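A.B. asks: Residue numbers (the working numbering): -14 to 172. Glycine residues also receive a C-beta, built at the ideal position from the N, C-alpha and C atoms. These figures come from a predicted structure and were not determined experimentally.
Shown next as structure tokens:
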């Protein structure tokens, strides 16, 4: 019952069958092949409280400490310990529409080959060399969340827009959401 509810939530966010299929395949491949890097990211863009975070709960639960929830402040800062020993980097609340430097920093994280080692700069520690095997997922409530050059469209993001989707609690009820979260956290 809860698996069907989770799939329902993901289908609400994905307005087309292609978006649904690509999103599920992205998640499945990331879990099944942690040694292989995907060199493009998924950007879930939609109104608040439509289920974007809920759609990622199973992968976060399954990967545990290999899943990294990244804030805008973390991503924009000079330190990058949020990348240490992670397979998935989930950037929340992306809203840097005019910041080319931020967009390029994310693009480098997404596009680098898995064999590329990057020098991480953790806060208060020694620099660490680590392979870039991250799968990247971005979430935003903004239509123009990140700078993408209109002259050279960025094919590093697969954007799934879900604006105009009703708030999840209004559609399925708070009790079902509470039960779903309990199930997602217990499995």
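1) Inspect the CB distances between the segment 99 to 111 and the segment 62 to 76 and report whether three or more fall short of 8 Å.
2) For residue 15 versus residue 44, is the C-beta spacing smaller than 8 Å?
3) List the endpoints of the continuous alpha helix (DSSP H) containing residue 17.
4) I'd like the list of long-range same chain contacts for residue 35, defined as Cβ closer than 8 Å, with 5 residues on each side in sequence excluded.
5) Could you tell me the distance, in whole angstroms, from the CA atom of residue 1 to the CA atom of residue 125?
6) Evaluate residue 102 with the Cβ neighbour count: other Cβ atoms within 10 Å of its Cβ, from every protein chain shown; 16 or more gives buried, anything less gives exposed.
7) What did DSSP end up calling residue 146 once you bin it into helix, strand or coil?
8) For residue 63, list the residues DSSP reports as bridge partners.
9) Should the segment 112 to 122 be called in touch with the segment 71 to 78, which here means at least 3 C-beta pairs below 8 Å?
10) Report the CB separation of residue 97 from residue 83 in whole angstroms; it is logged as a contact under 8 Å.
11) Just verifying my parser: in three-state terms, what is the DSSP assignment at residue 41?
12) Thinking C-beta only, is residue 23 closer than 8 Å to residue 11?
13) Classify residue 152 as helix, strand or coil using the three-state DSSP reduction.
14) Could I get the ranges of all uninterrupted beta strand (DSSP E) runs contained in the segment 72 to 147, with 3 residues as the minimum, in chain order?
15) Quick one, which of 99, 95, 57 has its alpha-carbon nearest residue 81's?
16) Per DSSP, which residues does residue 52 bridge with? Please list them.
17) Measure the Cβ-Cβ separation of residue 79 and residue 40 and say whether it is below 8 Å.
18) Within 10 angstroms of its Cβ, does residue 52 collect 16 or more other Cβ (buried), or is it exposed?
C.D. replies: In short, the structure shows the following:
1) Touching, yes.
2) yes
3) That run of the alpha helix (DSSP H) goes 2 to 17.
4) So the qualifying residues of the chain are -3, -2, 147, 150, 151, 152, 153.
5) CA-CA distance, residue 1 to residue 125, rounds to 19 Å.
6) exposed
7) strand
8) In DSSP, residue 63 forms no bridge with anything.
9) yes
10) Not really, about 24 Å apart at Cβ, beyond 8 Å.
11) Looking at residue 41 - three-state DSSP - the assignment turns out to be helix.
12) yes
13) coil
14) 73 to 76, 102 to 105, 113 to 116, 120 to 125, 142 to 147
15) Here the closest residue by C-alpha is 57.
16) 73
17) no
18) buried
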